[in-house]
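Chains as they are written, first to last, in this note's numbering: chain D, 1 to 335; chain G, 336 to 670; chain A, 671 to 1005; chain Z, 1006 to 1340; chain C, 1341 to 1675; chain R, 1676 to 2010.
Everything on this sheet refers to the single structure shown next.
There are 6 protein chains.
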Amino acid sequence: MNVSMKDIYISDLAAFDEGKVFNGFFLVLLKQQRTTKTNKPYLNLILGDKTGQLEGRIWDIADPRIAKDFDKGDIVKVRGSASRFDERLQMKIDQLRVALPDEVDKADLLPSTTYDVAALWSQLLACVESFTNPNLKLLLNTLLADPAVAEAYREAPAARQLHHAWLGGLLEHVISLLTLADRVATHYPLLDRDLLLTGVILHDIGKTHELSWDIGFDYTIEGTLLGHIQMGVEMVERAIATLPSFPDHLRTLVLHMILSHHGKLEFGSPKLPMIPEALVLNFVDDLDAKMQAISTEFDKTIREGKGPNEMTGKVWSLDNRQLLNTKRWLGEDKG
Amino acid sequence: MNVSMKDIYISDLAAFDEGKVFNGFFLVLLKQQRTTKTNKPYLNLILGDKTGQLEGRIWDIADPRIAKDFDKGDIVKVRGSASRFDERLQMKIDQLRVALPDEVDKADLLPSTTYDVAALWSQLLACVESFTNPNLKLLLNTLLADPAVAEAYREAPAARQLHHAWLGGLLEHVISLLTLADRVATHYPLLDRDLLLTGVILHDIGKTHELSWDIGFDYTIEGTLLGHIQMGVEMVERAIATLPSFPDHLRTLVLHMILSHHGKLEFGSPKLPMIPEALVLNFVDDLDAKMQAISTEFDKTIREGKGPNEMTGKVWSLDNRQLLNTKRWLGEDKG
Amino acid sequence: MNVSMKDIYISDLAAFDEGKVFNGFFLVLLKQQRTTKTNKPYLNLILGDKTGQLEGRIWDIADPRIAKDFDKGDIVKVRGSASRFDERLQMKIDQLRVALPDEVDKADLLPSTTYDVAALWSQLLACVESFTNPNLKLLLNTLLADPAVAEAYREAPAARQLHHAWLGGLLEHVISLLTLADRVATHYPLLDRDLLLTGVILHDIGKTHELSWDIGFDYTIEGTLLGHIQMGVEMVERAIATLPSFPDHLRTLVLHMILSHHGKLEFGSPKLPMIPEALVLNFVDDLDAKMQAISTEFDKTIREGKGPNEMTGKVWSLDNRQLLNTKRWLGEDKG
Amino acid sequence: MNVSMKDIYISDLAAFDEGKVFNGFFLVLLKQQRTTKTNKPYLNLILGDKTGQLEGRIWDIADPRIAKDFDKGDIVKVRGSASRFDERLQMKIDQLRVALPDEVDKADLLPSTTYDVAALWSQLLACVESFTNPNLKLLLNTLLADPAVAEAYREAPAARQLHHAWLGGLLEHVISLLTLADRVATHYPLLDRDLLLTGVILHDIGKTHELSWDIGFDYTIEGTLLGHIQMGVEMVERAIATLPSFPDHLRTLVLHMILSHHGKLEFGSPKLPMIPEALVLNFVDDLDAKMQAISTEFDKTIREGKGPNEMTGKVWSLDNRQLLNTKRWLGEDKG
Amino acid sequence: MNVSMKDIYISDLAAFDEGKVFNGFFLVLLKQQRTTKTNKPYLNLILGDKTGQLEGRIWDIADPRIAKDFDKGDIVKVRGSASRFDERLQMKIDQLRVALPDEVDKADLLPSTTYDVAALWSQLLACVESFTNPNLKLLLNTLLADPAVAEAYREAPAARQLHHAWLGGLLEHVISLLTLADRVATHYPLLDRDLLLTGVILHDIGKTHELSWDIGFDYTIEGTLLGHIQMGVEMVERAIATLPSFPDHLRTLVLHMILSHHGKLEFGSPKLPMIPEALVLNFVDDLDAKMQAISTEFDKTIREGKGPNEMTGKVWSLDNRQLLNTKRWLGEDKG
Amino acid sequence: MNVSMKDIYISDLAAFDEGKVFNGFFLVLLKQQRTTKTNKPYLNLILGDKTGQLEGRIWDIADPRIAKDFDKGDIVKVRGSASRFDERLQMKIDQLRVALPDEVDKADLLPSTTYDVAALWSQLLACVESFTNPNLKLLLNTLLADPAVAEAYREAPAARQLHHAWLGGLLEHVISLLTLADRVATHYPLLDRDLLLTGVILHDIGKTHELSWDIGFDYTIEGTLLGHIQMGVEMVERAIATLPSFPDHLRTLVLHMILSHHGKLEFGSPKLPMIPEALVLNFVDDLDAKMQAISTEFDKTIREGKGPNEMTGKVWSLDNRQLLNTKRWLGEDKG
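And the structure:
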């Protein structure tokens, strides 16, 4: 029995019975021809949408219901049935055609933030408005007023795989950091709030050039060779070069915050944080990334049907440690 | 020309001219007999008060104006003159006698917090009152109501040498952490606020047994062999043992937060943080210690007469890095 | 052709021909439903007994000879045939039912020590009797007289996977250590023999709480969050709390030995060994674990049919090094 | 008995007898007031010229033959006598006055290359002329034609303390590297020679901003916060920005070579070498620095009068290892 | 359709269509019996020739066209068809027989250098002839004149898996190093050229005993327990023992160069390089191995059909970094 | 008042009053000319005997009672008085002459074992006699029968500075290890006792060449460049080369034990222990060295007058940890 188009996302499939027939639009992330043990060629696809990824198999390549001319990066409509192999979900594909232009919203096909991007962007601009340092305010307004920068800033993921790896993830991460850093700035009078928040807004701006997000998320060659730290420093240097009255000392400090925000040489920062604002930026950036990773991991654990008494799997970005969901486990104890 | 007693602290001496005569009460932190190159014995003392330490020399041991019967740990009144040797201040002592009981307030002789301890303590209790979890509230009220615990908690330094190394330093550090952690708890709904704040209040409670602060700050033998993590866990276990309805799961989590608060095995935590509250506790504890160390370093730099264009010396507790005082340096640029 | 029940252990199967039919009792360690490439559901089981583990497949779930109501942790009787897939042994299961109570001895279903547990236990008690320090003798007799402690101490494995990972493994490891440590104590008059042997007996006692061994060997949640070092310290603290005349210094030293027995911070000991007895405990514990791992590896190599001229595979617990069986290799040379 | 001015350099003093009187011009690198054990103030100076450093003591501050108004950074003429204290040479200063303008050539007062700077510079330009890649040739000619860059490039030391720590050291190091890298480029046809040599010429160009060399050699604040890698990248980016037809790919590769030339993240390169030319640049840079350090160490050993059978002291920049002078030691054996 | 014997190498097969029938001679590197999911036994082979390795499957063991009596190490002639499984090439084997003596040249069956070994060997001897140090010339002539040494030196691979892992690889690597080291010796007059080149020729001579290359490349047991450094030192010691007038100092230096050529203790050198020649040997050896690994990786990338805009995979021997082929990528930019 | 010659050892001086006059024979370990602050030359000596070292000062070089012609390595008779400077003992020397031949026993002038060397040597030979493996017995008897080896083996210290740094220290350490290793061999039937004990006897035999002990203890140049591991392997290889029937496998194992006895690559062993006997050798060697270091440290603590409640200083060879003397501290508690 069929399912109507709009309702199907990859995250829904986990609940499907073996053999359930369905159809849907997906992005082709990988396409490979392989051979069965009996020498019959078949196609192996990785399909994606904003909720996840799915392996698909086309066992009969010659079937006229299977389009010949599709490739990695295309959006396709497929029809087939669900199966499981070694605990992973697969799709046996019976029909496949390339989608028509505008038949599907591309935003549904890559994972993207669950927040309203326009609202996040307004929060960012409002934060800049609250600055008392006119030079920093001018620098940020100059950068963010550039349409190319602004569009990329709103779209970029914060990482390829680790935390906030979805469209809009960079902006979402920065907004979370701004609130957190503002609270810390209030706590330590030693800190120059505007400088700290400038660091928050600019520290990962180079990721708009380091990463590409057309077909899945990946590094550009330039990004691999130069890195987002260098790319961000260059973007900011160029903006400052257009502001003749920007003080030299302030310029050095802003660049230092971008350079040092990974906190350690072995994490790719060529300088350790040497001003208090840079130290705080490194701390809140690290904390927010880890809290987001934990939150993602807890959601996944629940989706996988694990009980409150089970720890998560080993989390790579947290030194392979396992984590326990405090609130669920404490709930157990009260029952 | 003499100086009256109450006015002299070791921090004042930096401004004294060579040879300036003065007198004052100090704590004897070390007493050693040595010999000059010409085989003459002399006494070398280390004297301390709440503002610092000072080397003193008694060149003529037999002088009747020098008491014979004093030792390490005694409070003494000395009279002598200031000198400098290899940039360090020294005192040539001409007269020395043991102080009478009550002649001087011992609180003046060890460095101590500049905050009002009673006010800090009230803040701590008020924070506990704000808890919604009755078990954690009961646990903390039980522990802090123990007069021996409460007195030690109000007096203990937070460390022997690194950050908050002064009487009341532990309490001051915890109060700073409570405010900071509360801000972070508001930021991440994932966190159990009461559990996090319980961790903040209890994480270093073992330092009340690990350290001694009668004559300078030092480790007890038990503290050296067991450590404040183990000692704190034991204090909390004993308190919980008196609370029959304390839930087992909650007990495990509170102990886990103490055990894991150093964040890494190589820093002496036998377990990595495996719940979000433990991860946050490690972050805020580390950040607050480092911010305090930076603040202390900046004050020292100003006291030493360094200009805004000079970085601090290499700071041991910050990987030997040098730091720049942002606000002073930016001030330069504006002039 | 069938094989009678009592004779079949998993270790026997290596010698079976393809397709050989047999039956036997096993513990279900894992039960998963999967799908073949043609979408047919099947069951994948991991079965265990005291000699090892075995994958089993049930291709026809609906077969009336397959019980419906069994689960992980059950003891089952199965009938089927041997096969090999990618060098691993598998069982094609044709019949399966849950075992009746008392139909099989549970001790046959988990790996367990080959020594007589009662004899090992007597050796342990005899060793305590040999102590000259009355306080340590009393402490150990108190602890080991607790029936819950004694039962768990006799049953517990020494580890989940590494050395002595079998029922009774903890006791077997401790008895080996006692003899070895006694020899070392005789060699160095500096050592306090009773304190050293107390450390041997108590160092891993927390594993009785850290590990569970009902269905395979695993960590409890409390064990994961607190660790056997902390759990052992707590058990000993509680026992000492019942002995009012136990000297404080001795208490500190016993706890220090448990805390420091892993020898390095990065191995999870919050303190380095700082007394000679703790240093020796770390050495003999480490040596005995490694010698046991080597012995296990040599046995496995022979079971796998490797010749005297072949080194073992890379041994994870020995820094991935390969080992050579000295005696077998020298035998070669003499031939 | 006096010695005439031009003939005295600090390196000559090692041969002087105790008490030998001499005079000379030196740069004041440090000036501190201290006190003797008997409370008498004196001045401690560090004097430098191009051959080394020397401690000087002025015991009678009030002596009218001692100028009052000199400071760190001044060139002074002093008269006094040689002494030794704990194996270090010292000068007891009897007379001191500030030098007149042009009375002494400043080039004699800081260590500087023993090569002819104009000749080295011609070699550099000739090398650029040999390029076949027009874009790289244009880039280098543009940069080196900038008078400020060219002057700084000819003057800068290559390091504050380690290898080539003298005026002109950067240029000398680059010329040595060019010859070496050219030989390696010939050996491996895989390599793009012009790109490799461009990397050699530009890799340390940021040191012209990172270091200051007016009074001794030191880091600028900007240099400390940003580092010569970032500063060099920025200089090159700006030059490329003026060359509209410079290819994007080539720009990325040139910047990558500067970014990665330290070879490891923990040495402050934010990127590992990922093209063969960057890998070779890191190797030859490291080798040349080490060979220069060894050569300096061997010269020092001979100056200190050590025999061919003695190893050098522990060399910090070579992992604290000691070195043996092959040729001298072999000479021994032949005798 | 069949293909004639001489033309088929494993590297040709990548271009074959599914199901293409072919025959050829290969070396059996591994032979294992396995079972299909339906319990049917089959044979899994790994076949090799000088161009690579290939998995082969024999599904019908009883087929009379399949020889019964072959084993690992045999040369066989097989006939079958090409297939692909999970992107790896496989061969379905229909016929197999053991090759007759002399039916195939063994040199075709293991990867071997593409250079003319006799010419390389002449270069080596010519280099020795160019020495001015008579003792070193005599030592090398003595060693290389030993027929067993000379044959093994010409055949040995330079490594089991990493760089130059082919017959003649050791000699090829040494010749490349000799040229490179000679250029470096010219550059630094400090260096004793003959000693450096002696180190180049002898540093890996122990690999002729550490490795075996009869059936694929592997470590001997002696090689695993002693290592090529120790084995090489022993070979050289024995040769020197036959040269009564060889100077002691020179002997120590030659042995030191072999001992220290890995450059770091953790890479298996028991001594750090402590003479300049040993330091240079470590550098050129490391550089040449890495350049060869890069070259191999670039060739592989082209063979796999990757475009100029793609980086290589992660290269294990280069810290898992990815590399970019400079010349190909720059070519892109110019188009 | 004078003290007679035989009675004075450096260790006695700690008890002397300031200014006490004495005379004695000492070995000159260092002789340097220095200058006082007032430019007067004086001599600084380091004198040694078997109980320690002592700084000596000769203030009047021209004094006719001071010999002119003595140097480092000479035995001298001095007369002078005791003084203390910065807690270190010094001697003001008034008279000095070179000792006559045979006027003093050189064994009194370097620290040496307190055991009877002849008895230790007999124990060693008796142990070899107990071997059942004829080849190992023959190898050891061959080596130890060589008079040069035997004499050096009886004299050599086990280290320059760390453990057993005294004449006869190597033999003393080996005898302790033999007993300990024999106990361990009995405990683990897996072990080949004769091979293990052979490793014990030979593991440090290269130290007889690595170290020199004529004037204090130092490394030879050959020892620095090759190391005692390589030197020991060579000695054993040469001995085996004289034993035609010595089995190859056994030879490999004996050499492997010497090569791997440091246990880790970063400690200078080019191979990890890969046979059980090598693993045990590394353990017992490490344990015995550490126990000896602890024992030395405890003795020193008592000599320095520290109480049972004080920990030792930080011990370099034990990762800078402090240690507590168990037995003394427990004694405290009982009082």
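Note that the Cβ used here is the ideal one computed from N, Cα and C, for glycine as well.
Just so we're clear, the structure is a prediction, and the values are computed from it rather than from any experiment.
DSSP places GLY1898/R outside any beta strand (DSSP E); the residue lies instead in the alpha helix (DSSP H), whose first and last residues are 1896 to 1916.
Boundaries of the alpha helix (DSSP H) around THR966/A: 946 to 973. Judged by DSSP secondary structure, TYR1528/C falls outside any beta strand (DSSP E); it is assigned neither H nor E.
With a contact defined as Cβ atoms closer than 8 Å, LYS50/D and LEU109/D qualify at about 6 Å. A Cβ-Cβ contact shorter than 8 Å links LEU600/G with GLY938/A. The three-state secondary structure of PRO1487/C, taken from DSSP, is helix. In summary, ASN282/D is buried, with 16 or more beta-carbon neighbours lying within 10 Å of its beta-carbon over all protein chains present. Counting only runs of at least 3 residues, the stretch 1038 to 1116 of chain Z fully encloses the following beta strand (DSSP E) elements, listed from N- to C-terminal order: 1046 to 1054, 1057 to 1063, 1080 to 1090 and 1093 to 1103.
The Cβ of TRP1334/Z sits closer than 8 Å to at least one Cβ of chain C.
Neighbourhood of GLN322/D in chain A, by CB distance below 9 Å: THR894, in chain order.
Judged by DSSP in its simplified three-state form, PHE1136/Z adopts coil rather than helix or strand.
A Cβ-Cβ distance of about 7 Å is found for the pair ALA828/A and ALA835/A, placing them in contact under the 8 Å criterion. Cβ contact annotation for VAL1457/C (same chain, cutoff 6 Å, sequence separation greater than five): ARG1494 and GLY1508, in chain order. With the criterion set as a beta carbon lying under 9 Å from some beta carbon of chain Z, the members of the stretch 253 to 264 of chain D are LEU253, LEU255, HIS256, LEU259, SER260, HIS262 and LYS264, in sequence order. Comparing alpha carbon positions, the residue from GLU1885/R, THR1895/R, TRP1734/R and LEU1993/R closest to ARG1709/R is TRP1734/R. With its beta carbon less than 8 Å from one in chain G, SER295/D belongs to the interface. Proximity of ILE1234/Z to chain D, defined by a Cβ-Cβ separation below 8 Å, is satisfied. Using a Cβ-Cβ cut-off of 7 Å, PRO1275/Z is close to nothing in chain G; its nearest Cβ partner there is about 17 Å away. Interface criterion met: the Cβ of PRO1951/R is under 8 Å from a Cβ in chain A. Using a Cβ distance threshold of 8 Å, LYS68/D and LEU45/D do not count as a contacting pair. The beta-carbon separation of GLY331/D and LYS1276/Z, rounded to 47 Å, does not stay under the 8 Å limit for a contact. When rounded, the separation of the alpha-carbon atoms in GLY1603/C and LEU1328/Z is 14 Å.
Contact residues of the stretch 1095 to 1118 of chain Z toward chain R are GLN1095 and LYS1097 (C-beta to C-beta distance below 9 Å). Within chain C, no residue has its CB atom less than 8 Å from the CB of PHE1251/Z, the nearest being about 10 Å off. The Cβ-Cβ distance between LEU190/D and SER652/G does not fall below 8 Å. Against chain G, a Cβ distance below 9 Å from ARG183/D picks out LEU515, ARG518, VAL519, THR521 and HIS522.
Under DSSP, LEU837/A shares a beta bridge with SER782/A.
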